[in-house]
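**Student:** I have a structure I would like to understand better, so I am pasting it below and will then ask my questions one at a time.
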Amino acid sequence: MLTQSQKQEFYRNGFLKVAGVVPRLMVDAARQSINHSIGSIGKHQANEERYLAPAFCSELKENLVLTDLFNRTPVMRVAEALMGSDNVIPCSGAQIALRFPSQPGSEATKPGGHLDGLGNGSNSMAKGVY
1 MLTQSQKQEF YRNGFLKVAG VVPRLMVDAA RQSINHSIGS IGKHQANEER
51 YLAPAFCSEL KENLVLTDLF NRTPVMRVAE ALMGSDNVIP CSGAQIALRF
101 PSQPGSEATK PGGHLDGLGN GSNSMAKGVY
């Protein structure tokens, strides 16, 4: 499924882009569900502060429109090719972690990764907080 070159790229960079592995129809359905949640459900929630948290669309967290992006496409097989078949389990939930643009005139946030549960000062947790 993956070439040796792709596996080496994953090892070197920590990520691998595999274009076209998820069918466009599934991507469009997931995007439509997320956009509907933000535009219709989110703006009417009583607890607006909760909706502005780092994770959005909580009602979609376990919805098949999202989990099937991993479970019902070659993505799971790609992950198994990279991590070993006994090291990958089906997806049971998804996180919608949207990042909106900064205000005009403000400095853009530098792109970067993070480890869940470890504060880095730019992920709503103070640096060093666990």
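Quick note: the sequence shown uses the UniProt record's numbering, first residue 1, plus one each step.
C-beta atoms are modelled at their ideal positions from N, C-alpha and C, and glycine is treated no differently.
The structure displayed is predicted, hence computed values, not measured ones.
#1: Taking all protein chains shown into account, decide if V27 is buried (16 or more other Cβ within 10 angstroms of its Cβ) or exposed.
#2: Do you know whose CA, among G93, P104, I89 and S122, lies nearest S61's CA?
#3: I89 and C57: beta carbons closer than 7 Å?
#4: Is the beta carbon of L82 less than 7 Å from the beta carbon of F10?
#5: Would you kindly work out how many angstroms separate the C-alpha atoms of K127 and E107, rounded to a whole number?
#6: Are V18 and T73 closer than 7 Å when you measure CB to CB?
#7: With a CB to CB cut of under 8 Å and the five nearest residues on each side skipped, what residues in its chain are close to G119?
#8: Which value, in whole angstroms, describes the spacing of the CA atoms of S40 and F70?
#9: Here's a check: name, in chain order, each residue in its chain whose Cβ is nearer than 7 Å to the Cβ of L66, leaving out the five neighbours to either side.
#10: What's the call for S85, buried or exposed, on a 16-neighbour Cβ count within 10 Å?
#11: Would DSSP call F10 helix, strand or coil?
#12: Go ahead and label S5 buried or exposed: buried means 16 or more other beta carbons lie within 10 angstroms of its beta carbon, across all protein chains shown.
#13: My output table needs one value for I38: the three-state DSSP class, helix, strand or coil.
**Tutor:** According to the structure shown:
#1: exposed
#2: A quick correction: the sequence has Lys, not Ser, at residue 61. Answer by Cα proximity: G93.
#3: no
#4: yes
#5: 20 Å
#6: no
#7: M125, A126, K127, G128, V129 and Y130
#8: 26 Å
#9: A30, L60 and A94
#10: exposed
#11: helix
#12: exposed
#13: helix
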